[in-house]
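Below: the structure, in structure tokens.
Residue numbers (mature numbering (1 follows the signal peptide of the UniProt record, and there is no 0)): -24 to -1, 1 to 486.
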């Protein structure tokens, strides 16, 4: 008996030690956090849990000017900032963002009195761009900067009105960057070149390359180290870091200037009519050392190459044809398309400026899309709902999977700050990327609203479906101009036709 007790005691000690080592192994990697190049300090160290970076919620909210409230009875924390409301329940993987249920890979939990949350999920929900430096175990976040509102603009009360932007066009530099009424900047108002920079960027432009791709040209004076380039998906981007580089003091192309003549945090050159490129963005990313970051927003998977000579850095990009789906237009195959009208019945979705429910817009457009698709001989449409009923998110995905659909298209309207306007398209899995790019192109043309890009998100209906799937956010119900488009008969007809045009192009149908 004594031997058995001794054995059990020893076994217990081994298990305790092993468990302690396992926990320590998970926590021993402490990721570093950077926001716009500045390292963030935390009261509770970030940690990796199931390969997901977890951080104190307060670090993110305080850095972005958000605030959070805690309900001890329901053990939930709610993040607020104007039009945003995000609800997280401790030990639950289901979060709610502006009344939309979204699943997280790892649930929020309490650590040393702090609410720990999955960094990337929270950050992207709050509008941050991310990339993970695996070698340094560091998460780099970039805060997206909305262009300043011109106080003297006659369209001040119409946030959806057309605003000045960089002058697009092949072989052109960004132009039209000075708000009307402001004088040209003087050298004293411009940022000086950092002392550790050995190269100063004097120009950024793009042109059509010989292989019908796009060539981005970065002119500089002095010396330029080799660019550190890496690709990111969700959405597709190419990021180039230029260490020991800075913008020349008189370089202002693509930047907005405040009333004092200071440059905005990020410059942008819009690219139109390019097969692989939609925009070039650039900013002073870090000052230790002085580093310029250039981000190429791509239309989809792309091939790229960099070269450098005679005071010029060149980046060539073109679509990666090997990752584009091919469909035979001459065959007789019937394509199955599931149209999903978001929300319904007791789930109204977002409320518009005039208090109309998102579910009305979603169903109206979905019915119009279905009617148009029924006229197509090689498309068989299905609807997850065709009246004001509620369908569970997982049931919507199962509906498409059971029918072995070829694609799944979920129709929604967005809501956020009242000044934000535009069209967005979401996908989750890589197989959906090409569909998202095609659908987004047609949707932007149909709405006539600002292009806010193709993005990734883990919405249940596009995550749980087995086929290429997209979620379309045609516009912002919280914006006066967008609402008028979304709830007008003309606007809905254009959106429906745009969705059908995207579907037909994806399947290579005339």
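Using N, Cα and C, we set each Cβ at its ideal position, and we do this for glycine too.
Quick caveat: nothing in here was measured; it's all calculated off a predicted structure.
- Under DSSP, residue 177 forms a beta bridge with 196 and 223.
- For residue 264, there are no CB contacts under 7 angstroms within the same chain when 5 residues up- and downstream are skipped.
- In the three-state DSSP reduction, residue 397 falls in the coil class, being neither helix nor strand.
- Secondary structure note for residue 429: its beta strand (DSSP E) is the uninterrupted segment 427 to 432.
- In this structure, residue 438 places its C-beta atom within 8 angstroms of the C-beta atom of residue 404.
- The residues 312, 314 and 358, in chain order, have a CB closer than 8 angstroms to that of residue 379 in the same chain once the five nearest residues on each side in sequence are set aside.
- Cβ contact annotation for residue 354 (same chain, cutoff 8 angstroms, sequence separation greater than five): 308, 309, 310, 311, 483 and 485, in chain order.
- Contact check for residue 317 and residue 360: beta-carbon distance about 7 angstroms, within the 8 angstroms limit, so the pair qualifies.
- One Cα belongs to residue 105, the other to residue 330, and the distance between them is close to 32 angstroms.
- Contact annotation: residue 341 and residue 386 have beta-carbon atoms that are not nearer than 8 angstroms.
- Distances from the CA of residue 271 to each of 9, 53, 256 and 390 were compared; the closest alpha carbon is that of 256.
- Per the DSSP secondary-structure output, residue 292 pairs in a beta bridge with 191 and 281.
- Taking C-beta atoms as the reference points, residue 462 and residue 337 count as a pair closer than 8 angstroms.
- Shown here, residue 303 sits in coil according to DSSP, grouped into three states, outside any helix or strand.
- DSSP places residue 388 in no alpha helix (DSSP H) but in the uninterrupted beta strand (DSSP E) bounded by 383 to 390.
- The beta carbon of residue 402 sits closer than 6 angstroms to the beta carbons of 431, 433 and 447 from its chain, once the five residues preceding and following it are set aside; these are given in chain order.
- Between the alpha carbons of residue 349 and residue 480 lies a distance of about 9 angstroms.
- For residue 408, the CB contacts under 8 angstroms within the same chain, skipping 5 residues up- and downstream, are 438, 444, 445 and 446 in chain order.
- Inclusion of residue 95 and residue 37 in the CB contact set at 8 angstroms is not warranted, their separation being larger than that value.
- Going by C-alpha positions, residue 345 is about 45 angstroms away from residue 114.
- Only residues of its own chain outside the window of five on either side were considered, and among them 63 have a CB closer than 6 angstroms to the CB of residue 72, listed in chain order.
- Secondary structure at residue 36: helix, using DSSP grouped into helix, strand and coil.
- When the Cα atoms are used, residue 243 and residue 343 turn out to be separated by approximately 41 angstroms.
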